[in-house]
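Number of protein chains: 2
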Amino acid sequence: MYTSKAELLQQLEEWELKHKELLEKEEDNEVILARQKIQSIKETLTSNKTKKIVAKVPKGMKDNLPREMAVREKVFKLIIEVFKRHGAVAIDTPVMELKEILVDKYGEESKLIYDVADQGGELCALRYDLTVPFARFVATHKIDNIKRYHIAKVYRRDQPAIERGRFREFYQCDFDIAGIYDPLLPDADCLRVVYEIMQSLELGDFIIKINHRKILNGLFEYCGVPAAQFRTICSSIDKLDKSSWEAVRKEMIEVKGIPACMADQIGEFINYRGWDYYKKTLKVDLILCTLGNTDTAKSGILEIKMLFDYLQCFGVMDRISFDLSLARGLDYYTGVIFETIFTDALVGSVAGGGRYDDLVGRFSKNGRKVPCVGVSIGVERIFTLMEAKLFKLDAEKIISRENETEVYVASTHGCVEERLKIVAELWDAGIKTEFMYKNQPKLLRQFQHCEDLRVPLCVIIGPAELEEGQIIIRDVFLRRDEKVNRSELTSRILAKLNKL
Amino acid sequence: MYTSKAELLQQLEEWELKHKELLEKEEDNEVILARQKIQSIKETLTSNKTKKIVAKVPKGMKDNLPREMAVREKVFKLIIEVFKRHGAVAIDTPVMELKEILVDKYGEESKLIYDVADQGGELCALRYDLTVPFARFVATHKIDNIKRYHIAKVYRRDQPAIERGRFREFYQCDFDIAGIYDPLLPDADCLRVVYEIMQSLELGDFIIKINHRKILNGLFEYCGVPAAQFRTICSSIDKLDKSSWEAVRKEMIEVKGIPACMADQIGEFINYRGWDYYKKTLKVDLILCTLGNTDTAKSGILEIKMLFDYLQCFGVMDRISFDLSLARGLDYYTGVIFETIFTDALVGSVAGGGRYDDLVGRFSKNGRKVPCVGVSIGVERIFTLMEAKLFKLDAEKIISRENETEVYVASTHGCVEERLKIVAELWDAGIKTEFMYKNQPKLLRQFQHCEDLRVPLCVIIGPAELEEGQIIIRDVFLRRDEKVNRSELTSRILAKLNKL
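Line by line, the protein sequences give chains L and V. Counting from 9, one number per residue, gives the positions in the first sequence under this note's numbering. Counting from 9, one number per residue, gives the positions in the second sequence under this note's numbering.
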């Protein structure tokens with residue numbers, strides 16, 4: 009069996025520690041055995057039988073190549089623009105949290121948390137999402153209200169399914185509003201943010217599905233589900249976007265143990281989608297008639313109605329769909345919940361969120377509560393869609409570049425020092441400039457490089473022109489040359505770049 | 009003794025595993041003991057004796073508040089601008105690498121590597137810097153040449169000294185050029201990048217210290233240091249920026265075990281700074297005379313001379329200082345090395361780097377070599393200096409804001425729906441707009457909020473004006489109101505913002 013060098017070093021460390029302990033306990037026989045083991049590990053280490061290091065990334069993770077990064081940068085820019093338009097500030101938190109902050113927040117999914125090794129000190133784990141760290145942040149800094157965004161990577165020790173774009177490390181992009189305000193106004197702002205982002209991405213039609221935890225709870229109450237089972241039934245319903253109703257029904261009956269008639273009654277409700285696209289009104293009366301007896305559902309329905317009034321003012325109701333089958337897997341939601349899908353793309357939810365009024369209180373001394381509502385943008389799925397779109401444009405010659413170089417400085421006969429001086433002059437003027445790191449580069453290779461990198465302008469230095477105090481500027485796409493005076497070079501280039 | 013909930017859960021998990029193992033081995037007595045232990049942990053867990061969670065971050069780490077993030081964003085923007093001006097592309101790598109990638113790269117500092125817990129699977133560790141992951145990246149993707157930048161956090165399990173700005177998690181900001189090129193041209197480009205960044209930050213005078221590993225090695229050879237001790241003597245000299253020459257001399261003699269006369273001879277050289285500020289030339293003759301016998305030093309000196317010729321063309325020699333006492337701690341450098349300091353700020357090096365031609369080869373199959381040169385910008389120290397500068401400006405009322413909101417929509421009598429419609433209209437026009445999440449906010453509170461947040465314009469909706477189809481725009485700083493037609497609102501605001 010092959011053991012990597014890192015593993016051997018780890019074993020060595022462990023055995024040396026053990027050896028020390030045994031020495032202290034004076035267990036002589038064991039000490040001798042430990043010494044033999046240490047000797048043998050050292051021999052394996054020096055015998056060079058260890059395999060050459062394989063230059064790969066950890067399972068379920070990936071590098072981002074320049075071409076992918078260019079797409080990411082584009083998507084982040086669009087999203088941050090919307091966040092800032094709504095007055096959000098940026099914050100940042102450590103990649104790891106104390107383990108006890110994360111424990112008990114993610115229900116069944118807690119087993120996917122990445123622990124940091126216990127190297128003496130506090131028990132820590134990598135963040136699983138950005139919501140719990142945000143709630144901890146609000147508690148730590150005793151913040152009363154904040155509207156913030158946070159773009160960062162999160163970690164889940166999941167079985168990676170790379171072909172389906174599920175990774176162990178991925179970006180999240182969160183926008184949240186914390187503070188005590190009048191009902192539903194922050195929620196409406198949050199949904200308008202989702203709407204603007206989806207519009208600005210230009211990736212096709214989208215629908216924002218909306219539901220309310222109180223309506224769901226009222227529904228369960230009405231159907232006779234015991235209160236202790238609300239959450240687990242919720243998490244069954246949450247699977248409806250991946251599983252059929254039949255599969256979910258079966259799980260509720262056979263795994264969660266509710267009677268078949270109860271499951272069927274739940275089914276009747278959640279297959280009901282209550283937003284009337286044609287009349288642009290919410291057909292809540294039908295639900296009210298049946299669920300109206302439960303106070304829980306009633307207050308949820310009133311909130312949804314008020315929210316929809318605000319969303320109408322914000323001009324986004326054309327994309328809203330009230331959907332009783334939307335449940336959201338996480339435990340901490342207490343009010344409005346929502347998810348967004350692109351109707352023509354089969355990638356699942358690209359933005360999900362809702363109201364969570366109790367989470368900050370769990371971290372605060374004296375249980376000080378700060379109600380929150382927020383959304384997490386599923387940027388990884390958006391990257392995939394955006395890449396597909398841009399690569400399609402690429403094929404049609406509307407091309408995305410990896411860098412932004414504007415001018416390439418070439419020469420016919422080396423002239424390395426003259427080249428460097430011109431490059432420095434262009435940099436001084438803020439122009440994005442490159443040149444070939446060769447003393448005597450071939451002119452054709454320099455041209456080829458320009459065209460490959462799609463640099464729009466090329467400056468050509470020839471000894472003959474230099475003597476006349478002149479220099480050539482070439483339009484790379486049109487392959488058209490123009491001679492200009494050396495002294496006017498920078499201003500001519502700035503003028504040409506302005507026109508591009 | 010208090011045990012946190014997270015620790016209890018961890019103990020529980022461990023005991024349950026142990027219990028299972030014992031069951032398989034049929035060690036009945038031990039099984040019973042394990043069961044009792046499990047029972048007791050479960051009781052502690054449910055007895056609610058566990059302490060309330062303290063909402064704090066892990067030791068040596070920190071949150072970044074909006075005000076700090078605004079400074080960071082500003083610094084990153086300046087730096088990225090320079091990177092892009094030099095044609096660099098962005099890349100990204102996972103926060104963790106396989107342990108064996110990091111092992112044996114950082115000399116004495118390897119003990120500071122953060123391990124990820126072994127939860128079954130590969131042994132991983134958080135990245136320690138961005139250079140080794142970059143070399144691994146070049147090998148993984150079989151890249152022949154690339155000029156890339158990478159901005160990301162790195163991790164060191166160091167004894168944190170927060171008051172001196174030393175953290176366990178901090179940003180690095182790296183620019184590297186990989187590829188086979190003519191000598192010193194990429195090195196010169198890299199140094200010009202450092203120069204441009206330091207200029208653009210406007211944080212005072214700076215000096216770029218330059219040395220060459222081959223000159224140092226030649227010097228050691230000349231003084232009679234055994235080759236096997238070059239690196240360890242290098243790492244002693246590297247401490248000269250924090251320790252006195254006397255302390256370093258003592259370490260070389262007493263810890264590293266070289267004779268006193270050898271240490272003194274080294275001292276004579278490294279206290280020599282060879283760049284003549286007045287004549288703007290390198291006084292290498294003196295060194296050449298003495299070190300000229302060693303081929304190693306000679307080739308290093310020739311390279312430094314060529315580099316300085318190029319740097320002269322790039323117009324940056326006014327900031328360059330040849331400094332034999334510069335050693336750089338890391339093992340992997342093979343050529344030019346450099347460090348930058350602000351001459352008036354006592355924060356130490358703010359940019360360090362050099363040439364490392366062998367690192368990629370250590371990760372490549374067939375040992376394919378890709379020579380590299382690069383720089384790491386010490387952004388954390390730069391943030392500290394920039395914050396001090398901006399906060400000073402703040403005190404002088406030239407104020408930095410946390411968000412960028414341009415318009416605040418207020419109303420005299422609630423008018424919540426009308427307010428929302430106007431807000432949506434402004435968002436549609438791309439204007440950064442906020443409003444108060446209240447149904448009946450007091451006008452004075454809204455004005456106060458505007459002034460606190462330094463929003464330049466305020467739109468005021470009053471029922472009387474609304475009836476006349478009019479609306480008020482207030483210049484918040486001048487406290488001057490103007491009535492405009494409702495239909496012209498957006499265009500008037502855009503015009504006013506343009507003037508600001």
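Ideal placement from N, C-alpha and C gives every residue a C-beta, glycine not left out. Remember, it's a predicted structure, so these values are computed and weren't measured experimentally.
Apart from the five residues just before and just after residue i, which ones in its own chain have a Cβ nearer than 6 Å to its Cβ?
i	result
V/A418	Q454, C466, I468
V/V378	V146, A186, V368
L/K491	Q478, I480
V/L131	K107
V/R497	Note on identity: in this sequence residue 497 of chain V is Leu, with Arg being the wrong assignment. Contacts found: I479.
L/P74	E410
V/Y285	In this predicted model, V/Y285 has a pLDDT of only 45, less than 50, meaning its place in the structure is not dependable enough to derive any value.
Tell me residue i's beta-bridge partners as DSSP assigns them.
i	result
L/Y122	Note: L/Y122 sits in no beta bridge, so no partner.
L/F330	L/I218
L/M2	This structure does not reach residue 2 of chain L, given that chain L is present from 9 up to 508, and the question cannot be answered.
V/R174	V/A169
V/S384	V/D182, V/G360
L/K491	L/I480
Less than 8 Å between C-beta atoms, sequence neighbours within five positions excluded: which residues of the same chain meet that for residue i?
i	result
V/N447	G422, V424
V/V83	L209, V387, I390, F391, M394
V/R144	T101, E105, I109, F371
V/V201	V90, F91, H94, F183, V383
L/L20	I46, I49, K50, L53
L/R494	L474, G477, Q478, I479
L/K247	A255, V256, E259
Tell me the rounded alpha-carbon separation between residue i and residue j.
i	j	result
L/K287	L/G323	Since pLDDT at L/K287 reaches only 49, below the 50 mark, its modelled position is unreliable, and the value read off the structure follows with that caveat. Distance between the alpha carbons of L/K287 and L/G323 is about 15 Å.
L/C198	L/A353	23 Å
V/K92	L/L486	25 Å
V/E204	L/R336	49 Å
L/V463	L/E410	11 Å
V/W253	V/H220	20 Å
V/G308	V/T342	10 Å
V/A359	V/D190	24 Å
L/G356	L/G275	21 Å
V/S499	L/I159	33 Å
L/L30	L/E22	12 Å
L/A169	L/K155	34 Å
L/L17	L/I266	53 Å
L/K567	V/V124	In the structure as shown, chain L starts at 9 and stops at 508, and residue 567 of chain L therefore has no counterpart that could be examined.
L/T58	V/D166	In this predicted model, L/T58 has a pLDDT of only 49, less than 50, meaning its place in the structure is not dependable; the value taken from the coordinates is given anyway. Spanning the two alpha carbons is a distance of roughly 30 Å.
V/A42	V/Q127	22 Å
Residue i CB to nearest chain V CB: under 8 Å?
i	result
L/M314	no
L/K85	no
L/Q19	no
L/D137	no
L/R165	yes
L/V103	yes
So, does the CB of residue i fall closer than 8 Å to a CB anywhere in chain L?
i	result
V/V344	no
V/W435	yes
V/E177	yes
V/E204	yes
V/L131	yes
V/S419	no
V/A268	no
By Cβ distance below 7 Å, which residues in the same chain neighbour residue i in space, the five residues on each side in sequence not counted?
i	result
V/V65	D71
V/E459	V484
L/V103	L134, R135
V/V162	R135, Y136, D137, L138, F178, Q180
**Asked** Contact between the stretch 264-277 of chain L and the stretch 180-196 of chain L: three or more CB pairs below 8 Å?
**Response** no
**Request:** Give a yes or no on contact between the stretch 327-336 of chain L and the stretch 216-230 of chain L, applying the rule of three or more CB pairs nearer than 8 Å.
**Result:** yes
**Prompt:** Does the count of Cβ pairs from the stretch 96-113 of chain L and the stretch 439-446 of chain L closer than 8 Å reach three?
**Reply:** no
**Prompt:** Would you call the stretch 92-102 of chain L and the stretch 70-79 of chain L touching, i.e. three or more CB-CB distances under 8 Å?
**Reply:** no
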